[in-house]
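Working notes for the structure below.
Number of protein chains: 2
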Amino acid sequence: MTYFSGQKLSYDSQPFAVKVEERDDVGRIRGQQAATFRRLPIPLPDSPRVPQGIKKPFSEVIKANIGDAHAMGQQPITFLRQVVALCTYPDLLDSPRFPPDAKDRARRILQSCGGQSLGSYSASQGVSCIREDVARYIERRDGGIPADPDNIYLTTGASDGIASILKILVSGEGTARTGVMIPIPQYPLYSAAISELNAVQVNYYLDEEHCWALDVSELRKALYRAKEYSNPKVLCIINPGNPTGQVQSRRCIEEVIHFAWEEGLFLLADEVYQDNVYSEDCQFHSFKKVLHEMGPEYSGTVELASFHSTSKGYMGECGYRGGYMEVLNLHPDIQAQLVKMLSVRLCPPVSGQAAMDVVVNPPKPDEESHQQFIQEKEAVLSSLAHKARLTEELFNQVPGIQCNPLQGAMYAFPRIFIPPRAVEKAEELHTAPDMFYCMRLLEETGICVVPGSGFGQRDGTYHFRMTILPPVEKLRRLLQSVKDFHVRFLDEFS
Amino acid sequence: MTYFSGQKLSYDSQPFAVKVEERDDVGRIRGQQAATFRRLPIPLPDSPRVPQGIKKPFSEVIKANIGDAHAMGQQPITFLRQVVALCTYPDLLDSPRFPPDAKDRARRILQSCGGQSLGSYSASQGVSCIREDVARYIERRDGGIPADPDNIYLTTGASDGIASILKILVSGEGTARTGVMIPIPQYPLYSAAISELNAVQVNYYLDEEHCWALDVSELRKALYRAKEYSNPKVLCIINPGNPTGQVQSRRCIEEVIHFAWEEGLFLLADEVYQDNVYSEDCQFHSFKKVLHEMGPEYSGTVELASFHSTSKGYMGECGYRGGYMEVLNLHPDIQAQLVKMLSVRLCPPVSGQAAMDVVVNPPKPDEESHQQFIQEKEAVLSSLAHKARLTEELFNQVPGIQCNPLQGAMYAFPRIFIPPRAVEKAEELHTAPDMFYCMRLLEETGICVVPGSGFGQRDGTYHFRMTILPPVEKLRRLLQSVKDFHVRFLDEFS
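In the order they appear, the protein sequences are chains A and B.
Those letters in the first sequence? Residues 49 to 542, per the working numbering, in order.
Those letters in the second sequence? Residues 49 to 542, per the working numbering, in order.
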């Protein structure tokens with residue numbers, strides 16, 4: 049037993065037009081339903097009506113709501129931090145505690161910075177040598193297909209790139225408003241950005257029965273419906289999926305590209321989980337690569353922006369806000385607008401750019417840090433693969449929980465059965481049934497997950513998103529707690 | 049004599065609706081007139097029509113267009129970089145090359161980070177202990193007037209805070225569109241943000257005859273005119289001024305606050321140059337402090353957001369994108385919207401937050417690093433003060449250049465006489481006369497400055513903005529070159 053003393057677990061009490069992301073400082077769940085939550089009569093420690101220090105039946109709050117690896121105990125990749133530390137404090141370039149390859153990387157980055165300092169503004173598009181390294185990385189990843197550093201934009205995390213490109217693409221009023229197609233379930237950055245830009249959110253549903261696969265006939269239906277009341281111009285893909293964890297097959301990607309080509313849609317490929325593929329039957333294929341391999345009719349015409357980030361993968365460096373975007377076939381007017389818009393915000397954080405550089409330019413086999421780098425990287429990825437299997441397995445042992453295989457990314461998005469009496473109870477409390485469920489889970493177990501309604505789901509189905517980031521033993525206990533809770537919950541409301 | 053070889057000095061060839069900032073990677077001048085610049089028939093090395101490697105009559109391009117201190121050779125403050133390096137690579141906490149006070153700061157920051165890592169997301173509002181340090185800093189700065197960490201938001205540079213708060217405040221269509229009052233000359237972030245948000249830019253002119261003072265009767269006139277076609281709600285102040293370098297008197301600030309109170313305007317106080325005051329007759333007064341001292345009738349009602357940054361002052365850490373905003377009397381609905389909007393972008397870069405922490409929590413007199421910190425800080429500031437005087441003095445020796453005292457910030461904004469024949473020539477070339485002048489200056493001397501039309505100026509007057517950041521001997525040569533150029537220019541067009 050413990051007290052909440054001082055640990056804020058309150059929720060915002062103000063409704064707000066913009067749908068927002070789930071993450072926050074202190075465990076606050078965010079999502080489309082967050083605003084309704086205030087009506088739940090659960091004692092919250094910083095509410096004036098409730099005394100501080102309410103006893104809770106758990107010893108720790110586990111924040112399984114955010115893809116925040118380091119906060120869950122994952123250690124930074126040594127080489128990455130060495131390079132960034134050397135760039136930060138170049139006096140260390142003479143220190144024997146840093147390996148020569150880290151020093152080489154740091155010197156090269158600094159030589160590309162004004163006054164050889166991370167404290168200078170970079171170009172709005174990013175430090176030139178880092179953009180070159182990104183281009184070389186993409187070429188290696190995609191089997192030699194050329195990448196042009198001029199098409200690379202370093203960004204403040206992937207979110208900034210996505211929001212920026214959407215801002216350029218969105219226009220119009222009334223039925224001419226730009227429609228932006230997004231998967232449901234989706235990562236709420238998309239719905240928030242669409243809402244902020246006054247664009248039209250065009251939902252296409254992923255197929256839960258087929259491991260959250262993307263079905264092009266569903267895309268087509270969604271597009272034709274949307275054309276009646278908007279001007280759909282953009283198609284967003286998240287691969288591997290967030291929150292759904294599916295990894296798209298090559299064939300599916302081809303179909304999506306063909307569809308975009310037919311319909312003249314601008315493709316946004318959110319590929320921030322490209323290193324997070326666990327299922328042995330799956331492989332990550334970049335949209336860029338598939339587009340190129342489909343031949344010049346496609347690769348010379350389909351407009352594509354794809355995104356990567358330092359925040360996910362094996363690095364988990366969310367706080368650095370590093371990322372990049374590669375654009376293809378962007379109309380010169382659009383590209384010029386993009387550069388100018390980005391220049392207003394001066395530049396992405398240069399230390400985040402340096403972190404991105406290590407991701408795209410890791411130690412080579414003949415370099416001093418290679419072995420340790422590979423060991424650290426593979427330890428993180430194999431642990432995630434193990435936890436992905438464990439999570440799927442344990443969830444599927446619970447009656448009333450169904451979980452698709454976690455092929456990639458870092459979340460489970462299990463479907464939960466909520467008994468009709470619990471749904472009624474939630475309605476009485478003016479809250480979404482899955483929000484009611486997740487709050488009960490938090491109150492009874494200290495486990496913080498995000499209700500499916502924050503991501504979107506088919507009517508009448510309920511889910512939650514949970515990260516698989518906690519250390520494996522903690523994750524096992526967590527899954528056991530969810531199981532016990534779920535059984536009690538079914539019991540209470542049957 | 050030298051060649052341009054490979055050094056890009058091209059300008060964008062695409063016109064664009066959004067007025068943009070002056071800075072860029074490689075010396076590109078940005079400003080409201082930038083789009084017209086492409087028509088200037090000056091050989092640009094990356095233009096397809098012009099061969100690379102044109103001989104130029106100078107040996108170096110001096111980028112005096114950007115307030116980018118480190119790029120101009122200013123060295124980072126050692127203590128700041130030590131703390132950030134320790135946070136980046138905590139293995140160094142056992143290294144004897146780092147002083148104990150830097151280690152204490154780093155430990156404290158890391159303890160406030162998830163998993164004790166800079167790689168974790170922080171709260172969207174910023175790391176809690178850093179917000180506390182900001183609040184204590186404001187209290188010390190303002191003679192003990194209380195500051196609440198809950199009113200502090202850490203930001204991605206000041207630009208991000210300014211753009212975010214404007215986004216929340218702007219609404220309406222037609223004559224109900226929000227009017228945002230900005231000084232002319234202004235820093236182009238404001239015009240760009242206003243344009244992006246489809247708000248109405250309401251200009252009030254600073255009084256060049258009185259050292260760019262803000263005159264409240266001018267504010268009042270501008271407001272009443274603007275009410276005929278918009279809904280003016282926001283008043284932006286830049287103090288010390290950019291590009292104009294004036295430092296507002298306490299009395300002027302009181303008048304502005306009284307005006308905002310009378311008219312129900314939301315005050316935005318851009319105080320990023322608060323450490324950059326050189327004139328002995330001037331002192332920086334924060335809007336927060338003056339507001340508080342005017343009594344509860346004002347301090348309990350006037351809405352104020354004020355901004356600071358790691359980029360200017362004596363730190364010059366532009367690349368870290370660190371900043372904060374303090375809000376006062378924000379309506380709870382607005383505050384809730386702000387928090388939710390910020391949460392979509394996850395968090396400001398955590399290394400930039402750490403850099404901000406050092407600025408607001410520098411070594412204390414009894415700490416190991418105090419002496420060196422003070423020496424480094426004062427060396428930068430006294431050099432800037434010296435260069436401010438030198439610049440004013442030398443400009444005023446040139447016939448046809450008039451320069452107000454540089455009381456603060458880091459720019460000169462001299463008025464230049466452009467002969468009618470040069471104005472005609474510029475018109476023939478479809479370019480602004482001051483852009484024509486600045487391009488000629490660049491082509492003949494390698495000195496890159498920003499035309500006044502990028503900031504706004506009274507019709508028929510011409511200016512340019514030049515930083516005073518180059519090392520003093522280089523600055524002296526630069527000023528001599530400008531003088532020689534100006535005399536030649538007058539000669540050519542008289």
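We treat Cβ as the ideally placed atom computed from N, Cα and C, and that holds for glycine.
The structure displayed is predicted, hence computed values, not measured ones.
Using the Cβ count rule (16 or more neighbours within 10 Å means buried), how would you classify Y326 (chain A)?
Within the first sequence, numbered from 1, the residue matching residue 326 (chain A) stands at position 278. Answer is buried; the Cβ neighbour count reaches 16.
Does S165 (chain A) come within less than 9 Å of chain B when only Cβ atoms are used?
Position 117 of the first sequence, counting from 1, holds the residue named residue 165 (chain A). Interface residue, yes.
Per-residue contacts from I495 (chain A) into chain B (C-beta, under 9 Å):
Start at 1 with the first residue of the first sequence, and residue 495 (chain A) comes out as number 447. Within 9 Å of the CB of I495 (chain A), no CB atom of chain B is found; the nearest one sits about 17 Å away.
How would you write the range of the alpha helix (DSSP H) that D381 (chain A) sits in, first residue to last?
Here residue 381 (chain A) refers to the residue found at position 333 when the first sequence is read from its first residue. Its alpha helix (DSSP H) spans residues 380-392.
For L442 (chain B), name the three-state secondary structure that DSSP assigns.
Within the second sequence, numbered from 1, the residue matching residue 442 (chain B) stands at position 394. Helix at L442 (chain B).
Using 9 Å as the limit for Cβ to Cβ distance, is V182 (chain B) near chain A?
Translated into the one-based positions of the second sequence, residue 182 (chain B) becomes position 134. Interface residue (Cβ-Cβ distance to chain A less than 9 Å): V182 (chain B) is not classified as such.
From the DSSP secondary-structure annotation, give me the bridge partner or partners of E374 (chain B).
Taking the second sequence and counting its residues from 1, the one referred to as residue 374 (chain B) is at position 326. Per DSSP, B:I200, B:S354.
Tell me the rounded alpha-carbon separation between D539 (chain B) and I178 (chain A).
Locating residue 539 (chain B) in the second sequence gives position 491, where the first residue counts as 1. Locating residue 178 (chain A) in the first sequence gives position 130, where the first residue counts as 1. I178 (chain A) has its alpha-carbon roughly 46 Å from the corresponding atom of D539 (chain B).
Span separating the alpha-carbon of P99 (chain B) from that of E491 (chain B)
Numbered from its first residue, the second sequence carries residue 99 (chain B) at position 51. Numbered from its first residue, the second sequence carries residue 491 (chain B) at position 443. Bear in mind that a pLDDT of 45 at P99 (chain B), under 50, signals an unreliable position, so the model cannot answer this.
Any alpha helix (DSSP H) of 4 or more consecutive residues that is wholly inside the stretch 272-333 of chain A
Secondary structure in the stretch 272-333 of chain A: the alpha helix (DSSP H) runs of 4 residues or longer, each lying completely within the stretch, are 298-311 in chain order.
Mind checking which residues open and close the alpha helix (DSSP H) that includes G400 (chain B)?
Here residue 400 (chain B) refers to the residue found at position 352 of the second sequence. Segment 398-408, the alpha helix (DSSP H) holding G400 (chain B).
Answer with yes or no whether the minimum CB distance from R513 (chain B) to chain A is below 9 Å.
Looking up residue 513 (chain B) in the second sequence gives position 465. Contacts with chain A at 9 Å (Cβ-Cβ) do not include R513 (chain B).
Touch check for the stretch 468-475 of chain A and the stretch 492-499 of chain A: three-plus C-beta pairs under 8 Å?
No contact exists between the stretch 468-475 of chain A and the stretch 492-499 of chain A.
Since D208 (chain A) meets chain B, which of its residues come closer than 8 Å, beta carbon to beta carbon?
Counting from one through the first sequence, the residue named residue 208 (chain A) turns up at place 160. For D208 (chain A), the C-beta contacts it makes with chain B under 8 Å involve R393, in order along the chain.
Do we get a CB-CB distance below 9 Å when we pair R87 (chain B) with the residues of chain A?
On the second sequence, residue 87 (chain B) is found 39 positions in, with the first residue counted as 1. With a pLDDT of only 26 at R87 (chain B), under the threshold of 50, the placement of this residue in the model should not be trusted; the figure read from the coordinates follows. Not one chain A Cβ lies under 9 Å of R87 (chain B).
When burial is assigned at 16 or more other CB atoms within 10 Å of the CB, is T515 (chain A) buried or exposed?
Reading the first sequence from its first residue, position 467 is the one you call residue 515 (chain A). Under this definition T515 (chain A) is a buried residue.
Does the count of Cβ pairs from the stretch 158-177 of chain A and the stretch 155-173 of chain B closer than 8 Å reach three?
No: fewer than three Cβ pairs fall under 8 Å.
For a test of the three-state rule: what should DSSP assign to G227 (chain A), helix, strand or coil?
Indexing the first sequence from 1 puts residue 227 (chain A) at position 179. In the structure shown, G227 (chain A) adopts extended strand secondary structure according to DSSP, grouped into three states.
Check whether P280 (chain B) and G361 (chain B) have beta carbons under 9 Å apart
Taking the first residue of the second sequence as position 1, residue 280 (chain B) is located at position 232. Taking the first residue of the second sequence as position 1, residue 361 (chain B) is located at position 313. No, they are not a contact pair.
Evaluate contact between the stretch 336-348 of chain A and the stretch 103-117 of chain A, counting only Cβ atoms and requiring at least three cross-stretch pairs below 8 Å.
With the cut-off at 8 Å, the stretch 336-348 of chain A and the stretch 103-117 of chain A do not touch.
Got a sec: is the Cβ-Cβ distance from C284 (chain B) to anything in chain A below 9 Å?
Start at 1 with the first residue of the second sequence, and residue 284 (chain B) comes out as number 236. For C284 (chain B), the answer is no, since every Cβ of chain A falls outside 9 Å of its Cβ.
Contact set between R179 (chain A) and chain B, taken where Cβ atoms lie within less than 9 Å
In the first sequence, the residue the question calls residue 179 (chain A) occupies position 131. Near R179 (chain A) there are no residues of chain B at all, since even the closest Cβ is about 10 Å away, more than 9 Å.
Alpha carbons only, please: which of A:Q445, A:A308, A:G400 is nearest the one belonging to S529 (chain A)?
Indexing the first sequence from 1 puts residue 529 (chain A) at position 481. Residue nearest to S529 (chain A) within the set A:Q445, A:A308, A:G400 is A:Q445 (criterion: CA-CA distance).
Just verifying my parser: in three-state terms, what is the DSSP assignment at V182 (chain B)?
Position 134 of the second sequence, counted from the start, is the residue given in the question as residue 182 (chain B). Correct three-state label for V182 (chain B): helix.
Ignoring anything shorter than 4 residues, give me the alpha helix (DSSP H) runs that lie fully in the stretch 431-496 of chain B, in order along the chain.
Every alpha helix (DSSP H) of 4 residues or more that sits fully in the stretch 431-496 of chain B is shown, in chain order, as 468-476, 481-493.
Whether P194 (chain A) touches E416 (chain A) by CB criterion (9 Å)
The residue given as residue 194 (chain A) occupies position 146 in the first sequence. The residue given as residue 416 (chain A) occupies position 368 in the first sequence. It is not a contact, given that the beta carbons lie outside the stated cut-off.
Who are the near neighbours of Q294 (chain B) in its chain, counting only those whose CB is closer than 6 Å to its CB and skipping five residues on each side?
Translated into positions along the second sequence, residue 294 (chain B) becomes position 246. Excluding residues within five positions, the ones whose Cβ falls inside 6 Å are C259, W260, Q455.
Below-9 Å beta-carbon distance, I114 (chain B) vs any chain A residue
On the second sequence, position 66 is the one that residue 114 (chain B) refers to. Judged by the 9 Å Cβ criterion, I114 (chain B) is in contact with chain A.
What does H118 (chain B) touch in chain A if you count any residue whose Cβ is under 7 Å from its own?
In the second sequence, counting from the first residue as 1, residue 118 (chain B) sits at position 70. What H118 (chain B) touches in chain A: G162, G163, S165, G167, S168.
Tell me which same chain residues have a C-beta within less than 6 Å of the C-beta of M120 (chain B), skipping the five on either side of it?
Start at 1 with the first residue of the second sequence, and residue 120 (chain B) comes out as number 72. Exclusion of the five residues before and after M120 (chain B) leaves L517, P518 as the residues of its chain whose Cβ lies within less than 6 Å of its Cβ.
Leaving out five residues before and five after P291 (chain B) in sequence, what residues of the same chain have Cβ atoms less than 6 Å from its Cβ?
Mapped onto the second sequence, residue 291 (chain B) falls at position 243. For P291 (chain B), where only same-chain residues beyond five positions count, the Cβ hits under 6 Å are P233, Y459, F461, F503, R513.
If you follow the beta strand (DSSP E) that Q249 (chain B) is part of, which residue opens it and which one closes it?
Residue 249 (chain B) sits at position 201 when you count from the first residue of the second sequence. From DSSP, the beta strand (DSSP E) with Q249 (chain B) extends over 248-253.
With a threshold of 7 Å on Cβ separation, who are the neighbours of A270 (chain B) within its own chain once the five nearest residues in sequence on each side are excluded?
Numbered from 1 along the second sequence, position 222 holds the residue referred to as residue 270 (chain B). If we look at A270 (chain B) and ignore the five residues flanking it on each side, its Cβ neighbours are M229, V250, N251, Y252.
Between which two residues does the alpha helix (DSSP H) holding R145 (chain B) run?
Taking the first residue of the second sequence as 1, we reach residue 145 (chain B) at position 97. Neither: R145 (chain B) is in no alpha helix (DSSP H) and is coded neither H nor E.
In this structure, how does DSSP classify K412 (chain A) when only helix, strand and coil are distinguished?
In the first sequence, residue 412 (chain A) corresponds to position 364, counting from 1. K412 (chain A) falls in the coil class under three-state DSSP.
Quick one: is R225 (chain B) near chain A, going by C-beta distance under 9 Å?
Along the second sequence, read from residue 1 onward, the residue named residue 225 (chain B) stands at position 177. Contacts with chain A at 9 Å (Cβ-Cβ) do not include R225 (chain B).
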